[in-house]
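Scroll down for the structure; my scribbles are underneath it.
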Amino acid sequence: MLRLGRFALLPLVAGAGCVDLLVMGDYGTRDARQASVARGLAAVASVRQPAAVAAIGDNLYPSGADYNPWTIVRWWRDVYMGYDSLNRPWHVITGNHDWMTDGTVERDFTSSSENPGGHWQMPDFWFKKTYAADGLTVDAFYIDTQVWKGSYLADQTIGRQARQRQIDWLFSQLEKSTADWKIVLGHHPIYSAGNHGMTEVLY
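Quick note on numbering: the sequence shown equals residues -18 to -1, 1 to 185 in mature numbering (1 follows the signal peptide of the UniProt record, and there is no 0).
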């Protein structure tokens, strides 16, 4: 393993397989820009045929689902599900804007009759998905970084113990995993040169 500054460059895993994911966050803008992104996303998906879309938070601006599942219908289902290439699993986690109202509305949409084909998948606020291709396995651990950071509304909704439960779950699952690759997906970056900077609580 080659170390470069604070980062580690991992050796390639032997195997011919390749797992494609489309990863995006901060996409729920509720305007024409979102429609443009949907068209572009659909074009890429039609070529790459990804295993899933990883939707890593801020799914609905400015304040999540606003306590109403029809917000998800209007600004997710009606925007994206009109494209055949996007009718595939969407593995969804919340971001800080999603927790400006009750994030459980987004979680519970997973089992809603308004979720066509069950494509919106948020079985919990943190969960594991396994992807496989010829000779390659990937365990993807989806976490709620807003819960990890600490959130008043999340604490009030799912309990203050949720943060520690998530931490314990993640480290236990990472230890048990035998996949070739293990990746952790969350809304807030650990390291970033962007305006928001680093998220030290995730170190």
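Yeah, the Cβ is synthetic: ideal placement off N, Cα and C, and Gly gets one too. Only a predicted model underlies this, so the values are computations on that prediction, with no experimental measurement involved.
Flag this pair as yes or no: are the beta carbons of ALA115 and GLY(-2) separated by less than 7 Å? Yes, the pair counts as a contact, with Cβ atoms nearer than the cut-off.
When you compare the CB positions of ASP106 and THR112, do they come within less than 7 Å of one another, or not? ASP106 places its beta carbon 7 Å or farther from that of THR112.
Excluding five sequence neighbours on each side, which residues of the same chain lie with their C-beta closer than 8 Å to the C-beta of ALA161? Correct list, in chain order: THR112, THR119, VAL120 and ASP121.
Could you say if the segment 49 to 59 and the segment 21 to 36 meet the contact criterion of at least three C-beta pairs nearer than 8 Å? Taking a contact to require three or more Cβ pairs closer than 8 Å, the segment 49 to 59 and the segment 21 to 36 do not qualify as touching.
By Cβ distance below 7 Å, which residues in the same chain neighbour ASN69 in space, the five residues on each side in sequence not counted? Contacts found: MET63, GLY99 and HIS101.
Out of ILE165, LYS164, ARG15 and GLU182, which has the shortest C-alpha to C-alpha gap to ILE172? It is GLU182.
Closest by C-alpha distance to VAL129, when choosing among LEU3, HIS169 and TRP163: Ranking the options by Cα distance to VAL129, first place goes to HIS169.
Which term fits LEU167, buried or exposed, when burial requires 16 or more other beta carbons within 10 angstroms of its beta carbon? LEU167 is buried by the Cβ-count criterion.
So who's on the other strand from ALA37, going by DSSP bridges? Looking at the DSSP assignment, ALA37 forms a beta bridge with MET6 and VAL74.
Please determine, among TYR49, GLY77 and GLN143, the residue with the shortest C-alpha to C-alpha distance to GLY10. Closest option to GLY10, Cα to Cα, is GLY77.
Consult DSSP for ASP13 and reduce its assignment to one of helix, strand or coil. Here ASP13 carries a coil assignment [DSSP, helix/strand/coil].
Buried or exposed (CB count within 10 angstroms, at least 16 for buried), PHE(-12): A caution first: PHE(-12) carries a pLDDT of 49, below 50, which makes its placement in the model too unreliable to give a value.
Where TRP102 sits in the DSSP three-state scheme: DSSP places TRP102 in strand when its eight states are reduced to three.
Counting C-beta neighbours from all protein chains within 10 Å, is the total for SER133 16 or more, i.e. buried, or is it exposed? By the 10 Å Cβ count, SER133 comes out buried.
Unbroken stretches of the alpha helix (DSSP H), 4 residues or longer, contained in the segment 124 to 170: Taking only runs of at least 4 residues, the alpha helix (DSSP H) segments lying wholly in the segment 124 to 170 are 127 to 131, 134 to 140 and 144 to 158.
Less than 7 Å separating the beta-carbons of VAL1 and ALA34? Cβ atoms of VAL1 and ALA34: not closer than 7 Å.
Using three-state DSSP, classify LEU42 as helix, strand or coil. Reduced to three states, the DSSP call for LEU42 is coil.
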